[in-house]
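A.B. asks:
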Amino acid sequence: MSLLELFFFFFRISAVTFGGGIVILGMVQLEAEKRGDIGREELVDMISLAASMPGPLAVSISWLVGVRYRGFWGGVAAVLGAILPPFIIILLLSPLILKYSSLPAVRGFFRGVLAGTGAIIASVVFDNTKKTLSAGWFGFVPFIAVMAMIGVFHIHPFFAILASIAVQLAAEKTVIRK
Amino acid sequence: MSMLLKLVSVFAQIGICAFGGGLSTLPLIEYHVVTSTGWLTEEDFAQVLAVSQVTPGPIAINAATFVGFRQAGFWGSLAATLSLCIAPIALLCIVMLLLETVSKEKSQKAKALLRPVVSGLLVLSLIPPMKATAGNGAPAILLFFLGLVLLKFCRTFRENPSLMLLLYGAIGAAVLS
């Protein structure tokens, strides 16, 4: 893909993908497989790496794919393509939101969307928690720990996440020693 | 410290901690823009969440652009959005340089370690919309429960949640204002 193609490849996907996250990885895989110039295996590896590193998934996957095709500037073109659609849309909406968010109809609109968002997150959380907790107590400790540290004690998320990972590594070491 | 530098620092931190992507980023953003800096109230934050759910793009980018704009206009939104993206890319480059090839086992292992952490973050991400909805009265709470049923049984909404949200927005404008 040329720089321009890379830019528009991610621009197109980003402009129609709501919510980001895992959804965007699926879209990229689907579209890239259609093109067929990256091996399936390689693509799965990139997606897997993007998912195990921090940062918006749209950003990490577009960087990896861009660099794979055209080096540094390929990465830049791909990332710009991925972030421009949401950036432009929010930039245009921001002044409107700030100006009109106290109007009753606008407030009502947000209240409705939030009720629906609650339902969407709740169903995601339900499935996800069931999966995590069914994997045994190993997952239970970091699961509770990260919630308590950020939600209750307001510890900086970076340290909270680090500590929750350290707990798991420590637990693994102890089990192996036995 | 000028506002632009503060925005860069805050959103770079969010970028570097944003494991799992999507909704699990929400508690991190809330920690930084509500709890620690006080830039937004809880209600403002819920509004940012609502906007990001009905516009395309990752929540973190939507939030960076909006909060940046609110705090420091166009340059604020640019600074916040770019630092949110550049920080994790820099980290990704460092990791790839150090490891040369990231083996499948390593990224599997990293994902396994992150899974329960991301689950915990997801539970936290439920708090802002639930708090807002609880404060918006019985019709809003009813809409929430109806949403659970719709997502369970209606394929169209399950596959296009933003369609449901737009409908909910319209209902909200009519009955929740």
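So the sequences go chain by chain: A and B. Each residue of the first sequence is one higher than the one before, counting from 872 in the numbering used here. Each residue of the second sequence is one higher than the one before, counting from 160 in the numbering used here. Where is the CB? At the ideal position from N, CA and C, for every residue including glycine.
#1: Name the residues in the segment 887-904 of chain A whose C-beta lies less than 9 Å from a C-beta of chain B; which are they?
#2: Can you tell me whether E912 (chain A) is buried or exposed? The criterion is at least 16 other CB atoms within 10 Å of its CB, across all chains shown.
#3: Where does E1043 (chain A) land, buried or exposed, given buried means 16+ other C-beta within 10 angstroms?
#4: Would you verify that the beta carbon of T292 (chain B) is, or is not, closer than 8 Å to some beta carbon of chain A?
#5: Could you tell me if S161 (chain B) is buried or exposed, where buried requires 16 or more neighbouring beta carbons within 10 angstroms of its beta carbon?
#6: Please tell me whether T194 (chain B) has its Cβ less than 8 Å away from any Cβ of chain A.
#7: Consider the Cβ of V1017 (chain A): report whether some Cβ of chain B lies at a distance smaller than 8 Å.
#8: A238 (chain B): which of B:G227, B:L273, B:L285 and B:L335 sits nearest, CA to CA?
#9: Per DSSP, P288 (chain B) is paired with what?
#10: Let's test the definition: count the other Cβ atoms within 10 Å of the Cβ of K1049 (chain A) and tell me whether it reaches 16, buried, or not, exposed.
#11: Should T224 (chain B) be flagged as near chain A, meaning a C-beta pair shorter than 8 Å?
#12: Closer than 7 Å, Cβ to Cβ, to anything on chain A: give me those residues from the segment 207-224 of chain B, in chain order.
#13: Among all the DSSP beta bridges, which residues are the ones paired with P215 (chain B)?
#14: So, helix, strand or coil for A1006 (chain A), using DSSP?
#15: Starting from I932 (chain A), follow the alpha helix (DSSP H) in both directions and report where the run begins and ends.
#16: Relative to chain A, which residues along the segment 166-182 of chain B have a C-beta separation below 9 Å, given in chain order?
C.D. replies: In brief:
#1: V887, T888, F889, G890, G891, G892, I893, V894, I895 and L896
#2: exposed
#3: exposed
#4: yes
#5: exposed
#6: yes
#7: yes
#8: B:G227
#9: Answer is none; P288 (chain B) lacks a bridge partner.
#10: Annotation note: pLDDT 47 at K1049 (chain A) (below 50); position unreliable, no value reported.
#11: yes
#12: L208, A209, V210, Q212, V213, T214, P215, G216, P217, I218, A219, I220, N221 and T224
#13: A:F889
#14: coil
#15: L928 to Y971
#16: Q172, I173, G174, I175, C176, A177, F178, G179, G180, G181 and L182
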